[in-house]
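J.: Just so we're aligned, residue 354 is where the sequence shown starts under the working numbering, counting upward by one.
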Amino acid sequence: TATEIRKYLFFFELEWIKVPDDKAQALINHEKLKSYDHFLENERKYKPHRLAEGEEKVLDIKSNTGARAFKRLFDEVVNNIEFKVRLDGKTKALTETETLSLQYDPDREKRKAGAKGLTKGLKQNARVLTFIFNTLIKDHESTDSLRSYDYAMQARNMDNEIDRKTVDALLKASEKNFDIVGRYYELKKQILGMDKFYDYDRYCPIMENKRTISYTKAKEIVLSSFSEFSEEMHDITKLFFDKNWIDSEVREGKRGGAFSHSTVPSVHPYVFTNFNGKMRDVMTLAHELGHGVHQYLSRQQGYFHSDTPLTTSETASVFAEMLVFKKLMDDENDPNEKLALLCGKLEEMFATVFRQVIMTRFEQSVHDASRKKGELSTEDFNKLWMKANRKMFGKSVTLTKDYSYWWLYIPHFIHSPFYCYAYSFGELLVLSLYKKYLKEGADFVPKYMELLASGGMDSPNNLLEKLNIDISNPEFWQEGLDYLSDILGEAETLCSQITNS
354 TATEIRKYLF
364 FFELEWIKVP
374 DDKAQALINH
384 EKLKSYDHFL
394 ENERKYKPHR
404 LAEGEEKVLD
414 IKSNTGARAF
424 KRLFDEVVNN
434 IEFKVRLDGK
444 TKALTETETL
454 SLQYDPDREK
464 RKAGAKGLTK
474 GLKQNARVLT
484 FIFNTLIKDH
494 ESTDSLRSYD
504 YAMQARNMDN
514 EIDRKTVDAL
524 LKASEKNFDI
534 VGRYYELKKQ
544 ILGMDKFYDY
554 DRYCPIMENK
564 RTISYTKAKE
574 IVLSSFSEFS
584 EEMHDITKLF
594 FDKNWIDSEV
604 REGKRGGAFS
614 HSTVPSVHPY
624 VFTNFNGKMR
634 DVMTLAHELG
644 HGVHQYLSRQ
654 QGYFHSDTPL
664 TTSETASVFA
674 EMLVFKKLMD
684 DENDPNEKLA
694 LLCGKLEEMF
704 ATVFRQVIMT
714 RFEQSVHDAS
724 RKKGELSTED
734 FNKLWMKANR
744 KMFGKSVTLT
754 KDYSYWWLYI
764 PHFIHSPFYC
774 YAYSFGELLV
784 LSLYKKYLKE
794 GADFVPKYME
804 LLASGGMDSP
814 NNLLEKLNID
824 ISNPEFWQEG
834 LDYLSDILGE
844 AETLCSQITN
854 S
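Okay, here's the thing in C-alpha coordinates:
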(Lines of atoms letter the chains of each structure in order from A and count residues from 1; the text may use other names and numbers.)
(Lines give C-alpha, C1' and ligand atoms only; values in the text may rest on other atoms or scores of the structure.)
Protein backbone atom coordinates (compact mmCIF):
# COMPACT_ATOMS: atom_id res chain seq x y z
CA THR A 1 0.00 0.00 0.00
CA ALA A 2 0.95 3.67 -0.32
CA THR A 3 1.27 3.91 3.46
CA GLU A 4 3.72 1.01 3.53
CA ILE A 5 5.82 2.50 0.73
CA ARG A 6 5.89 5.93 2.40
CA LYS A 7 6.97 4.30 5.66
CA TYR A 8 10.13 2.96 3.98
CA LEU A 9 10.93 6.24 2.19
CA PHE A 10 10.58 8.68 5.07
CA PHE A 11 14.23 8.25 6.00
CA PHE A 12 15.53 9.91 2.82
CA GLU A 13 13.75 13.25 3.28
CA LEU A 14 14.64 13.34 6.97
CA GLU A 15 18.29 12.44 6.47
CA TRP A 16 18.64 14.86 3.55
CA ILE A 17 17.42 17.88 5.52
CA LYS A 18 19.93 17.05 8.29
CA VAL A 19 22.88 17.52 5.91
CA PRO A 20 24.66 20.85 6.68
CA ASP A 21 23.81 23.66 4.26
CA ASP A 22 27.28 23.97 2.71
CA LYS A 23 27.58 20.24 2.01
CA ALA A 24 24.01 20.08 0.73
CA GLN A 25 24.61 22.98 -1.67
CA ALA A 26 27.78 21.31 -2.97
CA LEU A 27 25.77 18.16 -3.72
CA ILE A 28 22.96 20.12 -5.36
CA ASN A 29 25.51 21.85 -7.61
CA HIS A 30 27.28 18.59 -8.53
CA GLU A 31 27.12 17.75 -12.23
CA LYS A 32 26.01 14.16 -11.57
CA LEU A 33 23.02 15.37 -9.55
CA LYS A 34 21.82 17.95 -12.09
CA SER A 35 18.74 15.84 -12.85
CA TYR A 36 17.69 16.13 -9.22
CA ASP A 37 18.88 19.64 -8.26
CA HIS A 38 15.53 21.40 -7.98
CA PHE A 39 13.92 18.44 -6.21
CA LEU A 40 16.75 18.31 -3.68
CA GLU A 41 16.74 22.06 -3.15
CA ASN A 42 12.97 22.14 -2.78
CA GLU A 43 12.97 19.36 -0.17
CA ARG A 44 15.24 21.37 2.12
CA LYS A 45 12.72 24.17 2.53
CA TYR A 46 10.61 21.74 4.59
CA LYS A 47 13.36 21.41 7.21
CA PRO A 48 11.56 23.56 9.84
CA HIS A 49 8.36 21.55 9.33
CA ARG A 50 9.55 17.93 9.48
CA LEU A 51 9.34 15.77 12.61
CA ALA A 52 11.57 12.91 13.73
CA GLU A 53 11.34 9.73 11.65
CA GLY A 54 9.41 7.81 14.31
CA GLU A 55 6.95 10.67 14.72
CA GLU A 56 6.42 10.95 10.96
CA LYS A 57 5.65 7.22 10.76
CA VAL A 58 3.20 7.40 13.67
CA LEU A 59 1.38 10.38 12.12
CA ASP A 60 1.10 8.65 8.77
CA ILE A 61 -0.12 5.34 10.18
CA LYS A 62 -2.61 6.98 12.57
CA SER A 63 -4.06 9.13 9.78
CA ASN A 64 -5.59 5.96 8.30
CA THR A 65 -8.00 5.91 11.25
CA GLY A 66 -7.96 9.70 11.59
CA ALA A 67 -8.11 12.28 8.78
CA ARG A 68 -8.16 9.73 5.94
CA ALA A 69 -11.02 7.87 7.62
CA PHE A 70 -13.09 11.06 7.89
CA LYS A 71 -12.40 11.88 4.23
CA ARG A 72 -13.64 8.43 3.29
CA LEU A 73 -16.71 8.91 5.50
CA PHE A 74 -17.49 12.15 3.63
CA ASP A 75 -17.44 10.25 0.32
CA GLU A 76 -19.58 7.44 1.75
CA VAL A 77 -22.20 9.88 3.03
CA VAL A 78 -22.41 12.15 -0.04
CA ASN A 79 -22.30 9.30 -2.57
CA ASN A 80 -25.20 7.55 -0.83
CA ILE A 81 -27.56 10.51 -0.47
CA GLU A 82 -30.77 10.05 -2.43
CA PHE A 83 -31.81 13.50 -3.61
CA LYS A 84 -35.62 13.57 -3.93
CA VAL A 85 -36.60 15.83 -6.82
CA ARG A 86 -40.13 16.59 -7.98
CA LEU A 87 -40.17 16.39 -11.79
CA ASP A 88 -43.21 16.23 -14.09
CA GLY A 89 -45.52 15.54 -11.17
CA LYS A 90 -43.44 12.65 -9.83
CA THR A 91 -40.81 12.49 -7.09
CA LYS A 92 -37.59 10.88 -8.32
CA ALA A 93 -34.57 9.75 -6.30
CA LEU A 94 -31.46 11.09 -8.05
CA THR A 95 -27.71 10.96 -7.47
CA GLU A 96 -25.70 14.10 -6.74
CA THR A 97 -24.47 14.23 -10.36
CA GLU A 98 -27.99 13.85 -11.77
CA THR A 99 -29.35 16.50 -9.38
CA LEU A 100 -26.60 19.02 -10.19
CA SER A 101 -27.06 18.42 -13.93
CA LEU A 102 -30.60 19.83 -13.62
CA GLN A 103 -29.00 23.25 -13.05
CA TYR A 104 -28.14 23.19 -16.78
CA ASP A 105 -31.71 22.42 -17.90
CA PRO A 106 -33.45 25.06 -20.09
CA ASP A 107 -36.65 24.60 -18.02
CA ARG A 108 -36.60 26.97 -15.04
CA GLU A 109 -39.00 24.83 -12.99
CA LYS A 110 -36.69 21.83 -13.37
CA ARG A 111 -33.69 23.92 -12.29
CA LYS A 112 -35.65 25.16 -9.27
CA ALA A 113 -36.81 21.64 -8.40
CA GLY A 114 -33.23 20.36 -8.70
CA ALA A 115 -31.97 23.11 -6.40
CA LYS A 116 -34.64 22.33 -3.79
CA GLY A 117 -33.92 18.60 -4.01
CA LEU A 118 -30.19 19.16 -3.60
CA THR A 119 -30.70 21.42 -0.59
CA LYS A 120 -33.13 19.01 1.09
CA GLY A 121 -30.70 16.09 0.72
CA LEU A 122 -27.80 18.15 2.07
CA LYS A 123 -29.82 19.53 5.00
CA GLN A 124 -30.81 16.02 6.05
CA ASN A 125 -27.12 15.12 6.25
CA ALA A 126 -25.83 18.49 7.45
CA ARG A 127 -25.11 17.35 11.00
CA VAL A 128 -22.71 14.57 10.05
CA LEU A 129 -21.12 16.53 7.16
CA THR A 130 -20.58 19.54 9.43
CA PHE A 131 -18.99 17.26 12.03
CA ILE A 132 -16.64 15.81 9.39
CA PHE A 133 -15.57 19.27 8.19
CA ASN A 134 -15.06 20.53 11.76
CA THR A 135 -12.95 17.47 12.59
CA LEU A 136 -10.73 17.90 9.53
CA ILE A 137 -10.31 21.64 10.17
CA LYS A 138 -9.11 20.84 13.70
CA ASP A 139 -6.87 18.06 12.36
CA HIS A 140 -5.37 20.60 9.94
CA GLU A 141 -4.81 23.03 12.82
CA SER A 142 -3.11 20.43 15.04
CA THR A 143 -0.88 19.29 12.16
CA ASP A 144 0.08 22.90 11.43
CA SER A 145 0.95 23.34 15.11
CA LEU A 146 3.09 20.20 15.21
CA ARG A 147 4.89 21.22 12.02
CA SER A 148 5.32 24.89 12.97
CA TYR A 149 3.35 26.37 10.09
CA ASP A 150 2.42 30.01 10.67
CA TYR A 151 -0.94 30.10 8.88
CA ALA A 152 -3.51 27.62 7.56
CA MET A 153 -2.58 27.90 3.87
CA GLN A 154 1.20 27.78 4.29
CA ALA A 155 1.65 24.05 3.66
CA ARG A 156 -0.39 24.25 0.45
CA ASN A 157 1.55 27.28 -0.76
CA MET A 158 4.84 25.49 -0.15
CA ASP A 159 3.65 22.42 -2.06
CA ASN A 160 2.62 24.72 -4.91
CA GLU A 161 6.07 26.40 -4.80
CA ILE A 162 4.46 29.79 -4.42
CA ASP A 163 4.68 32.43 -1.70
CA ARG A 164 1.96 34.16 0.29
CA LYS A 165 2.54 37.49 -1.46
CA THR A 166 1.78 35.96 -4.86
CA VAL A 167 -1.38 34.21 -3.66
CA ASP A 168 -2.58 37.45 -2.05
CA ALA A 169 -1.89 39.35 -5.28
CA LEU A 170 -3.96 36.80 -7.23
CA LEU A 171 -6.88 36.81 -4.79
CA LYS A 172 -7.02 40.59 -4.35
CA ALA A 173 -6.80 41.28 -8.09
CA SER A 174 -9.68 38.86 -8.71
CA GLU A 175 -11.80 40.41 -5.93
CA LYS A 176 -11.24 43.90 -7.39
CA ASN A 177 -12.83 42.62 -10.60
CA PHE A 178 -15.97 40.97 -9.19
CA ASP A 179 -17.95 43.58 -11.16
CA ILE A 180 -17.20 41.48 -14.28
CA VAL A 181 -19.41 38.74 -12.79
CA GLY A 182 -22.24 41.22 -12.24
CA ARG A 183 -21.91 42.55 -15.80
CA TYR A 184 -22.15 39.04 -17.23
CA TYR A 185 -25.22 37.98 -15.28
CA GLU A 186 -26.98 41.24 -16.18
CA LEU A 187 -26.24 40.39 -19.82
CA LYS A 188 -27.46 36.81 -19.41
CA LYS A 189 -30.64 38.03 -17.70
CA GLN A 190 -31.25 40.29 -20.70
CA ILE A 191 -30.61 37.49 -23.22
CA LEU A 192 -32.97 35.11 -21.40
CA GLY A 193 -35.60 37.81 -20.86
CA MET A 194 -35.73 37.40 -17.08
CA ASP A 195 -36.73 40.11 -14.62
CA LYS A 196 -35.04 38.44 -11.66
CA PHE A 197 -32.09 36.08 -11.69
CA TYR A 198 -31.74 33.43 -8.95
CA ASP A 199 -28.84 31.14 -8.04
CA TYR A 200 -30.54 28.26 -9.89
CA ASP A 201 -30.62 30.34 -13.11
CA ARG A 202 -26.84 30.77 -13.41
CA TYR A 203 -26.23 27.77 -15.68
CA CYS A 204 -29.35 28.04 -17.82
CA PRO A 205 -28.18 27.51 -21.43
CA ILE A 206 -28.25 30.56 -23.69
CA MET A 207 -29.53 28.43 -26.56
CA GLU A 208 -30.10 24.74 -27.06
CA ASN A 209 -27.23 23.35 -29.10
CA LYS A 210 -28.22 20.11 -30.81
CA ARG A 211 -25.29 20.14 -33.21
CA THR A 212 -23.13 17.01 -33.14
CA ILE A 213 -19.50 16.84 -34.20
CA SER A 214 -17.80 13.68 -35.45
CA TYR A 215 -14.56 12.52 -33.87
CA THR A 216 -12.84 13.01 -37.24
CA LYS A 217 -14.04 16.63 -37.36
CA ALA A 218 -12.96 17.19 -33.75
CA LYS A 219 -9.50 15.86 -34.62
CA GLU A 220 -9.34 18.24 -37.59
CA ILE A 221 -10.38 21.24 -35.43
CA VAL A 222 -7.79 20.48 -32.74
CA LEU A 223 -4.92 19.82 -35.15
CA SER A 224 -5.73 22.89 -37.23
CA SER A 225 -5.92 25.11 -34.11
CA PHE A 226 -2.60 23.82 -32.79
CA SER A 227 -0.94 24.10 -36.21
CA GLU A 228 -1.81 27.80 -36.46
CA PHE A 229 0.05 28.32 -33.19
CA SER A 230 3.00 25.92 -33.48
CA GLU A 231 3.95 23.19 -35.95
CA GLU A 232 5.79 21.39 -33.15
CA MET A 233 2.61 21.36 -31.06
CA HIS A 234 0.67 20.07 -34.07
CA ASP A 235 3.20 17.33 -34.82
CA ILE A 236 3.29 16.04 -31.24
CA THR A 237 -0.52 16.03 -31.07
CA LYS A 238 -0.72 14.16 -34.38
CA LEU A 239 1.36 11.38 -32.81
CA PHE A 240 -1.40 10.85 -30.23
CA PHE A 241 -3.93 10.30 -33.02
CA ASP A 242 -1.69 8.34 -35.41
CA LYS A 243 -0.25 6.01 -32.78
CA ASN A 244 -3.54 5.41 -30.91
CA TRP A 245 -2.42 7.04 -27.67
CA ILE A 246 -6.01 8.23 -27.14
CA ASP A 247 -8.91 6.19 -25.76
CA SER A 248 -11.94 8.28 -26.75
CA GLU A 249 -14.59 5.64 -27.47
CA VAL A 250 -17.69 5.53 -25.27
CA ARG A 251 -18.42 1.91 -24.38
CA GLU A 252 -20.19 -0.14 -21.75
CA GLY A 253 -18.22 -0.58 -18.54
CA LYS A 254 -15.82 2.27 -19.29
CA ARG A 255 -15.37 4.81 -16.50
CA GLY A 256 -16.41 8.41 -17.04
CA GLY A 257 -14.28 11.55 -17.09
CA ALA A 258 -11.12 12.51 -18.93
CA PHE A 259 -7.41 12.79 -18.13
CA SER A 260 -3.92 12.58 -19.58
CA HIS A 261 -1.53 10.18 -17.85
CA SER A 262 2.17 10.89 -18.08
CA THR A 263 3.26 7.33 -17.08
CA VAL A 264 7.09 7.43 -16.78
CA PRO A 265 9.63 9.59 -18.68
CA SER A 266 10.77 6.70 -20.89
CA VAL A 267 7.22 6.16 -22.20
CA HIS A 268 4.84 8.54 -23.99
CA PRO A 269 1.69 9.86 -22.25
CA TYR A 270 -1.80 8.44 -22.83
CA VAL A 271 -5.05 10.42 -23.13
CA PHE A 272 -8.34 9.09 -21.79
CA THR A 273 -11.67 10.70 -22.65
CA ASN A 274 -15.28 9.88 -23.54
CA PHE A 275 -16.22 11.55 -26.83
CA ASN A 276 -19.99 12.02 -27.28
CA GLY A 277 -19.95 14.45 -30.20
CA LYS A 278 -20.84 17.59 -28.24
CA MET A 279 -18.98 20.90 -28.45
CA ARG A 280 -17.73 20.46 -24.88
CA ASP A 281 -16.22 17.09 -25.90
CA VAL A 282 -14.10 18.92 -28.50
CA MET A 283 -12.87 21.30 -25.79
CA THR A 284 -12.21 18.38 -23.43
CA LEU A 285 -10.18 16.64 -26.14
CA ALA A 286 -8.15 19.83 -26.68
CA HIS A 287 -7.69 20.22 -22.91
CA GLU A 288 -6.33 16.70 -22.41
CA LEU A 289 -4.12 16.89 -25.50
CA GLY A 290 -2.70 20.13 -24.10
CA HIS A 291 -1.72 18.10 -21.03
CA GLY A 292 -0.38 15.39 -23.34
CA VAL A 293 1.88 17.80 -25.24
CA HIS A 294 3.13 19.23 -21.93
CA GLN A 295 3.91 15.75 -20.58
CA TYR A 296 5.53 14.67 -23.85
CA LEU A 297 7.87 17.67 -23.83
CA SER A 298 8.66 17.72 -20.10
CA ARG A 299 9.55 14.02 -19.82
CA GLN A 300 13.07 14.93 -20.97
CA GLN A 301 13.51 16.42 -17.47
CA GLY A 302 13.38 12.96 -15.91
CA TYR A 303 11.17 11.51 -13.20
CA PHE A 304 11.81 14.13 -10.52
CA HIS A 305 11.36 17.21 -12.72
CA SER A 306 8.91 16.18 -15.44
CA ASP A 307 5.86 16.98 -13.31
CA THR A 308 4.79 20.46 -12.21
CA PRO A 309 3.12 21.90 -9.09
CA LEU A 310 -0.65 22.44 -9.17
CA THR A 311 -0.28 26.12 -10.01
CA THR A 312 1.21 25.46 -13.46
CA SER A 313 -0.17 21.97 -14.12
CA GLU A 314 -3.15 23.35 -16.08
CA THR A 315 -1.20 25.89 -18.17
CA ALA A 316 -0.88 23.82 -21.34
CA SER A 317 -4.39 22.34 -21.14
CA VAL A 318 -6.21 25.66 -20.71
CA PHE A 319 -3.98 27.35 -23.32
CA ALA A 320 -4.91 24.55 -25.76
CA GLU A 321 -8.58 25.25 -25.06
CA MET A 322 -8.02 28.94 -25.85
CA LEU A 323 -6.47 28.04 -29.22
CA VAL A 324 -9.47 25.87 -30.13
CA PHE A 325 -11.95 28.45 -28.83
CA LYS A 326 -10.34 31.11 -31.07
CA LYS A 327 -10.56 28.74 -34.05
CA LEU A 328 -14.24 27.98 -33.41
CA MET A 329 -15.03 31.68 -33.06
CA ASP A 330 -13.21 32.56 -36.28
CA ASP A 331 -14.99 29.80 -38.23
CA GLU A 332 -18.50 30.54 -36.90
CA ASN A 333 -20.70 32.84 -39.02
CA ASP A 334 -24.01 32.62 -37.13
CA PRO A 335 -24.14 35.54 -34.60
CA ASN A 336 -26.36 33.55 -32.20
CA GLU A 337 -23.99 30.57 -32.22
CA LYS A 338 -21.09 32.97 -31.70
CA LEU A 339 -22.83 34.51 -28.70
CA ALA A 340 -23.51 31.06 -27.25
CA LEU A 341 -19.82 30.18 -27.66
CA LEU A 342 -18.74 33.39 -25.93
CA CYS A 343 -21.16 32.93 -23.04
CA GLY A 344 -20.17 29.29 -22.61
CA LYS A 345 -16.50 30.29 -22.45
CA LEU A 346 -17.20 33.10 -19.99
CA GLU A 347 -19.08 30.75 -17.67
CA GLU A 348 -16.18 28.27 -17.74
CA MET A 349 -13.79 31.11 -16.87
CA PHE A 350 -16.00 32.35 -14.03
CA ALA A 351 -16.17 28.83 -12.60
CA THR A 352 -12.39 28.56 -12.80
CA VAL A 353 -11.40 32.06 -11.69
CA PHE A 354 -13.98 33.81 -9.52
CA ARG A 355 -15.77 30.81 -8.03
CA GLN A 356 -12.45 29.30 -6.94
CA VAL A 357 -11.45 32.62 -5.35
CA ILE A 358 -14.61 32.73 -3.24
CA MET A 359 -14.13 29.09 -2.27
CA THR A 360 -10.60 29.93 -1.13
CA ARG A 361 -11.86 32.94 0.83
CA PHE A 362 -14.56 30.74 2.40
CA GLU A 363 -11.94 28.19 3.43
CA GLN A 364 -9.74 30.89 4.92
CA SER A 365 -12.69 32.29 6.87
CA VAL A 366 -13.78 28.93 8.34
CA HIS A 367 -10.24 27.94 9.33
CA ASP A 368 -9.67 31.36 10.93
CA ALA A 369 -13.03 31.24 12.74
CA SER A 370 -12.37 27.72 14.00
CA ARG A 371 -8.98 28.73 15.40
CA LYS A 372 -10.55 31.70 17.20
CA LYS A 373 -13.81 30.27 18.54
CA GLY A 374 -13.57 26.49 18.20
CA GLU A 375 -16.11 24.18 16.56
CA LEU A 376 -18.50 25.85 14.12
CA SER A 377 -22.20 25.13 13.67
CA THR A 378 -23.82 24.45 10.31
CA GLU A 379 -25.33 27.94 10.53
CA ASP A 380 -21.84 29.43 11.10
CA PHE A 381 -20.60 27.75 7.92
CA ASN A 382 -23.74 28.85 6.04
CA LYS A 383 -23.23 32.52 6.99
CA LEU A 384 -19.56 32.50 5.95
CA TRP A 385 -20.46 30.77 2.66
CA MET A 386 -23.12 33.35 1.83
CA LYS A 387 -20.85 36.24 2.81
CA ALA A 388 -18.15 35.05 0.38
CA ASN A 389 -20.65 34.46 -2.45
CA ARG A 390 -22.49 37.77 -2.03
CA LYS A 391 -19.21 39.63 -2.54
CA MET A 392 -18.89 38.02 -5.96
CA PHE A 393 -22.50 38.13 -7.20
CA GLY A 394 -23.45 41.52 -5.76
CA LYS A 395 -26.97 42.46 -6.87
CA SER A 396 -26.79 40.54 -10.15
CA VAL A 397 -27.93 37.20 -8.67
CA THR A 398 -30.48 36.70 -5.89
CA LEU A 399 -29.15 34.00 -3.59
CA THR A 400 -31.89 31.91 -1.99
CA LYS A 401 -31.67 30.65 1.59
CA ASP A 402 -31.29 27.12 0.15
CA TYR A 403 -28.00 28.13 -1.47
CA SER A 404 -26.45 28.64 1.98
CA TYR A 405 -26.12 24.84 2.33
CA TRP A 406 -24.29 24.23 -0.95
CA TRP A 407 -20.82 24.23 0.60
CA LEU A 408 -21.68 20.85 2.12
CA TYR A 409 -21.08 18.75 -1.03
CA ILE A 410 -17.80 20.32 -2.25
CA PRO A 411 -15.07 17.65 -1.92
CA HIS A 412 -12.04 19.94 -2.25
CA PHE A 413 -12.62 21.38 1.23
CA ILE A 414 -12.41 17.85 2.62
CA HIS A 415 -9.79 16.11 0.48
CA SER A 416 -7.49 18.98 -0.56
CA PRO A 417 -7.62 22.04 1.70
CA PHE A 418 -6.81 25.31 -0.11
CA TYR A 419 -6.51 23.52 -3.46
CA CYS A 420 -9.00 25.82 -5.19
CA TYR A 421 -6.86 28.91 -5.82
CA ALA A 422 -4.62 26.83 -8.10
CA TYR A 423 -7.49 26.78 -10.63
CA SER A 424 -7.72 30.59 -10.55
CA PHE A 425 -3.94 30.82 -10.85
CA GLY A 426 -3.92 28.52 -13.89
CA GLU A 427 -6.76 30.25 -15.75
CA LEU A 428 -5.49 33.81 -15.20
CA LEU A 429 -1.94 32.76 -16.05
CA VAL A 430 -3.18 31.37 -19.36
CA LEU A 431 -5.27 34.46 -20.13
CA SER A 432 -2.21 36.64 -19.50
CA LEU A 433 -0.01 34.35 -21.58
CA TYR A 434 -2.56 34.31 -24.39
CA LYS A 435 -2.75 38.11 -24.35
CA LYS A 436 1.05 38.15 -24.50
CA TYR A 437 0.87 35.83 -27.53
CA LEU A 438 -1.58 38.18 -29.28
CA LYS A 439 0.88 41.06 -28.72
CA GLU A 440 4.12 39.25 -29.59
CA GLY A 441 2.89 36.85 -32.26
CA ALA A 442 5.40 34.27 -33.53
CA ASP A 443 8.14 35.50 -31.15
CA PHE A 444 6.12 34.19 -28.21
CA VAL A 445 5.81 30.59 -29.49
CA PRO A 446 9.35 29.23 -28.82
CA LYS A 447 9.36 30.80 -25.34
CA TYR A 448 6.04 29.12 -24.54
CA MET A 449 7.16 25.73 -25.86
CA GLU A 450 10.36 26.03 -23.80
CA LEU A 451 8.22 26.72 -20.72
CA LEU A 452 6.32 23.47 -21.31
CA ALA A 453 9.53 21.51 -21.91
CA SER A 454 10.94 22.82 -18.61
CA GLY A 455 8.36 20.86 -16.61
CA GLY A 456 9.14 21.23 -12.91
CA MET A 457 12.88 21.83 -13.21
CA ASP A 458 12.47 25.14 -11.36
CA SER A 459 9.83 27.05 -9.42
CA PRO A 460 6.91 28.60 -11.34
CA ASN A 461 8.22 32.05 -10.41
CA ASN A 462 11.69 31.41 -11.87
CA LEU A 463 10.38 29.71 -15.01
CA LEU A 464 7.93 32.52 -15.74
CA GLU A 465 10.58 35.18 -15.13
CA LYS A 466 12.17 33.96 -18.39
CA LEU A 467 9.05 35.28 -20.13
CA ASN A 468 9.40 38.60 -18.26
CA ILE A 469 6.47 37.69 -16.01
CA ASP A 470 6.36 38.63 -12.32
CA ILE A 471 3.56 36.62 -10.71
CA SER A 472 3.88 38.52 -7.42
CA ASN A 473 2.85 41.74 -9.19
CA PRO A 474 -0.93 42.40 -9.06
CA GLU A 475 -0.64 44.12 -12.46
CA PHE A 476 0.24 40.80 -14.08
CA TRP A 477 -2.99 39.21 -12.82
CA GLN A 478 -4.90 42.31 -13.90
CA GLU A 479 -3.79 41.69 -17.49
CA GLY A 480 -5.56 38.33 -17.48
CA LEU A 481 -8.64 39.86 -15.88
CA ASP A 482 -8.62 42.66 -18.47
CA TYR A 483 -8.61 40.07 -21.25
CA LEU A 484 -11.54 38.28 -19.57
CA SER A 485 -13.35 41.63 -19.48
CA ASP A 486 -12.57 42.11 -23.19
CA ILE A 487 -14.22 38.76 -24.00
CA LEU A 488 -17.29 39.85 -22.02
CA GLY A 489 -17.26 43.15 -23.92
CA GLU A 490 -17.29 41.19 -27.18
CA ALA A 491 -20.36 39.28 -25.95
CA GLU A 492 -22.11 42.52 -24.90
CA THR A 493 -21.45 44.11 -28.30
CA LEU A 494 -22.64 41.03 -30.19
CA CYS A 495 -25.81 40.83 -28.08
CA SER A 496 -26.55 44.49 -28.84
CA GLN A 497 -26.03 43.90 -32.59
CA ILE A 498 -28.36 40.88 -32.57
CA THR A 499 -31.02 42.80 -30.62
CA ASN A 500 -30.88 45.77 -33.01
CA SER A 501 -30.77 43.75 -36.25
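The beta carbon of each residue, even a glycine, is placed where N, CA and C say it ideally should be.
My output table needs one value for Val624: the three-state DSSP class, helix, strand or coil.
T.: Looking at Val624 - three-state DSSP - the assignment turns out to be strand.
J.: Please state the DSSP three-state secondary structure of Asp346.
T.: Coverage of the chain is limited to positions 354 through 854, which leaves residue 346 absent and any answer about it impossible.
J.: Does the distance from the CB of Met739 to the CB of Ser718 come in under 8 Å?
T.: Their beta carbons are not under 8 Å apart, which means Met739 does not touch Ser718 by this criterion.
J.: Tell me which same chain residues have a C-beta within less than 6 Å of the C-beta of Glu435, skipping the five on either side of it?
T.: Excluding sequence neighbours, Glu435 sits near Ala446.
J.: Under the rule that 16 or more other beta-carbon atoms within 10 Å means buried, what is Leu592, buried or exposed?
T.: Burial call: exposed.
J.: Looking at the unbroken alpha helix (DSSP H) that takes in Arg439, where does it start and where does it end?
T.: That residue, Arg439, is in no alpha helix (DSSP H); its beta strand (DSSP E) goes Phe436 to Leu440.
J.: Any contact of the region 718–737 with the region 493–511, i.e. 3+ C-beta pairs under 8 Å?
T.: These segments touch.
J.: Any contact of the region 477–490 with the region 699–713, i.e. 3+ C-beta pairs under 8 Å?
T.: No contact exists between the region 477–490 and the region 699–713.
J.: Give me, in chain order, the residues of the same chain whose beta-carbon lies closer than 8 Å to that of Tyr774; leave out the 5 immediate sequence neighbours on both sides.
T.: Once the five neighbours on either side are set aside, the close Cβ partners of Tyr774 are Val520, Leu523, Leu524, Gln709, Val710 and Thr713.
J.: State the CB to CB distance for the pair Leu699 and Ala526, rounded to an integer number of angstroms; the pair is presumed to be in contact (CB under 8 Å).
T.: The pair is not a contact, with the Cβ atoms about 18 Å apart (cut-off 8 Å).
J.: Quick check on His658: does DSSP put it in helix, strand or coil?
T.: Looking at His658 - three-state DSSP - the assignment turns out to be coil, as it is neither helix nor strand.
J.: With DSSP run on the structure shown, which of helix, strand or coil describes Ile851?
T.: Ile851 falls in the helix class under three-state DSSP.
J.: Secondary structure at Ser615, three-state DSSP: helix, strand or coil?
T.: Residue state, collapsed to three classes: coil.
J.: Just how far apart, CA to CA, sit Gly794 and Ala673?
T.: Their Cα atoms are separated by approximately 16 Å.
J.: Would you kindly check if the distance between the Cβ of Asp634 and the Cβ of Ala693 is under 8 Å?
T.: Not closer than 8 Å, so no.
J.: Classify Lys443 as helix, strand or coil using the three-state DSSP reduction.
T.: Strand.
J.: Could you compute how far the alpha carbon of Ala466 sits from the alpha carbon of Tyr762?
T.: Using only the alpha carbons, I get a separation of about 18 Å.
J.: So, for Ile370: in the same chain, excluding its five sequence neighbours on each side, which residues have a beta-carbon less than 8 Å away from its beta-carbon?
T.: Cβ within range, chain order: Glu396, Arg397, Tyr399, Lys400 and Arg403.
J.: Applying the 10 Å Cβ sphere with the 16-neighbour rule, what's the burial state of Pro622?
T.: Buried: at least 16 other Cβ atoms inside 10 Å.
J.: DSSP state of Ile599, grouped into three classes?
T.: Looking at Ile599 - three-state DSSP - the assignment turns out to be strand.
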